[in-house]
Amino acid sequence: MTEEEKRAQRCCIVCGRPSCLKQYKQPELIAALSRSVHDAIDSGIRTFIIPYRDGYDAIAANVIVNIKKKVRDLRIVVAKPKSQAQKGMTRREEFLLRSCDLAVNIDEGQKFYPSIMLDRWMVDHSSRLIVCRGDDFNDDINTLITYAEEQNVLVDDFVKYDMLRTYQKRKRTRENPYG
Numbered sequence: 004m005t006e007e008e009k010r011a012q013r014c015c016i017v018c019g020r021p022s023c024l025k026q027y028k029q030p031e032l033i034a035a036l037s038r039s040v041h042d043a044i045d046s047g048i049r050t051f052i053i054p055y056r057d058g059y060d061a062i063a064a065n066v067i068v069n070i071k072k073k074v075r076d077l078r079i080v081v082a083k084p085k086s087q088a089q090k091g092m093t094r095r096e097e098f099l100l101r102s103c104d105l106a107v108n109i110d111e112g113q114k115f116y117p118s119i120m121l122d123r124w125m126v127d128h129s130s131r132l133i134v135c136r137g138d139d140f141n142d143d144i145n146t147l148i149t150y151a152e153e154q155n156v157l158v159d160d161f162v163k164y165d166m167l168r169t170y171q172k173r174k175r176t177r178e179n180p181y182g
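Position one of the sequence shown corresponds to residue 4 (our numbering), numbered consecutively onward.
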């Protein structure tokens with residue numbers, strides 16, 4: 004299988020900081036993310052690349068691990084910054100590394116923007132980006148979305164799309180209760 008064929012079956016997930024997503028309840032975010040992951044699986048995605056970070060990235064990793072229990076042919080690749088290789092691990096990080104199929108140490112390059120370099124590496128190896136940015140649009144996330152679009156990577160802003168879809172359903176129901 005060529006690298007292009009492998010890339011076509013890969014998806015990366017990047018979530019904004021918890022402070023950017025505080026307007027949403029965690030169960031809503033998990034449900035919306037699960038729907039996006041299942042949509043990706045239905046479109047042929049078999050490998051999910053997730054960053055080795057806390058916050059909602061860690062929650063996203065948990066969602067993928069739980070789905071993998073039911074969909075056995077999924078693979079999980081953890082992208083880990085080389086700078087974190089020497090640091091001690093939390094229990095959550097140990098669980099994530101035990102649950103993944105491959106852990107890749109990424110050289111972040113510049114010291115000033117290590118998370119951007121990690122995110123770009125994930126996009127460079129994927130055909131789809133599932134992103135969660137919330138209403139408080141983060142400049143790093145917006146930059147990543149622009150970069151992904153320039154690389155012809157499909158972008159799924161799952162919170163924006165899912166919450167809009169829910170709103171439209173409610174609106175349709177109020178305007179026409181008979182469907």
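Just so it is clear, CB atoms sit at the ideal spot from N, CA and C, and this is done for glycine as well. Since the structure is predicted, the reported quantities are computational estimates derived from the model, not experimental observations.
> For the putative contact between D45 and R78, defined by C-beta atoms under 8 Å, what is the C-beta separation to the nearest angstrom?
Replying inline: Here residue 45 refers to the residue found at position 42 when the sequence shown is read from its first residue. Here residue 78 refers to the residue found at position 75 when the sequence shown is read from its first residue. Not quite, the Cβ-Cβ distance comes to about 17 Å (not below 8 Å), so this is no contact.
>> Considering only the alpha carbon of each residue, which of I53, N69, V134 and R136 lies closest to L121?
In response: Counted from its first residue, the sequence shown places residue 121 at position 118. Out of I53, N69, V134 and R136, I53 has the C-alpha closest to the C-alpha of L121.
> Just the Cα atoms here: how many angstroms apart are V66 and L132?
Replying inline: Reading the sequence shown from its first residue, position 63 is the one you call residue 66. Reading the sequence shown from its first residue, position 129 is the one you call residue 132. Taking the straight line joining both Cα atoms gives about 16 Å.
> Within this structure, are the beta carbons of A61 and L32 separated by less than 9 Å?
Replying inline: The sequence position of residue 61 within the sequence shown is 58, counting from 1. The sequence position of residue 32 within the sequence shown is 29, counting from 1. With respect to L32, A61 sits apart: the two C-beta atoms are not nearer than 9 Å.
>> Tell me which residues share the same chain as K85 and place their Cβ nearer than 6 Å to its Cβ, disregarding the 5 neighbours each side in the sequence.
In response: Along the sequence shown, one-based indexing puts residue 85 at 82. Counting only Cβ-Cβ distances below 6 Å, and skipping sequence neighbours, we find N108 and D110.
> Distance, Cα to Cα, S118 vs K83?
Replying inline: Taking the sequence shown and counting its residues from 1, the one referred to as residue 118 is at position 115. Taking the sequence shown and counting its residues from 1, the one referred to as residue 83 is at position 80. The alpha-carbon atoms of S118 and K83 are separated by roughly 10 Å.
> So, are the CB atoms of F51 and V17 less than 9 Å apart?
Replying inline: Locating residue 51 in the sequence shown gives position 48, counting from the first residue. Locating residue 17 in the sequence shown gives position 14, counting from the first residue. F51 places its beta carbon 9 Å or farther from that of V17.
> Taking the DSSP output, what are the residues bridged to L36?
Replying inline: Here residue 36 corresponds to residue number 33 of the sequence shown, with the count starting at 1. Paired residues: none, contrary to the question.
> Taking just the CA atoms, how far does D159 sit from C135?
Replying inline: Here residue 135 is taken as the residue at index 132 of the sequence shown, counted from 1. Here residue 159 is taken as the residue at index 156 of the sequence shown, counted from 1. Their Cα atoms are separated by approximately 8 Å.
> For the putative contact between Y55 and E96, defined by C-beta atoms under 8 Å, what is the C-beta separation to the nearest angstrom?
Replying inline: Reading the sequence shown from its first residue, position 52 is the one you call residue 55. Reading the sequence shown from its first residue, position 93 is the one you call residue 96. That pair is a contact at about 7 Å.
>> Can you tell me where the beta strand (DSSP E) holding D160 begins and where it ends?
In response: Start at 1 with the first residue of the sequence shown, and residue 160 comes out as number 157. If you look at D160, you'll find it in the beta strand (DSSP E) that goes L157 to D160.
>> If I follow the unbroken alpha helix (DSSP H) through V66, where does it start and stop?
In response: Indexing the sequence shown from 1 puts residue 66 at position 63. Segment Y59 to K73, the alpha helix (DSSP H) holding V66.
> In terms of alpha-carbon separation, which member of A11, S102 and V126 lies closest to E152?
Replying inline: Along the sequence shown, one-based indexing puts residue 152 at 149. The option with the nearest alpha carbon to E152 is V126.
>> Between which two residues does the beta strand (DSSP E) holding K83 run?
In response: Position 80 of the sequence shown, counted from the start, is the residue given in the question as residue 83. Start and end: R78 to P84.
> What are the boundary residues of the alpha helix (DSSP H) that includes R95?
Replying inline: Position 92 of the sequence shown, counted from the start, is the residue given in the question as residue 95. Counting along the chain, the alpha helix (DSSP H) containing R95 begins and ends at R94 to S102.
>> What would DSSP say about R10, mapped onto helix, strand or coil?
In response: One-based indexing of the sequence shown puts residue 10 at position 7. It is helical.
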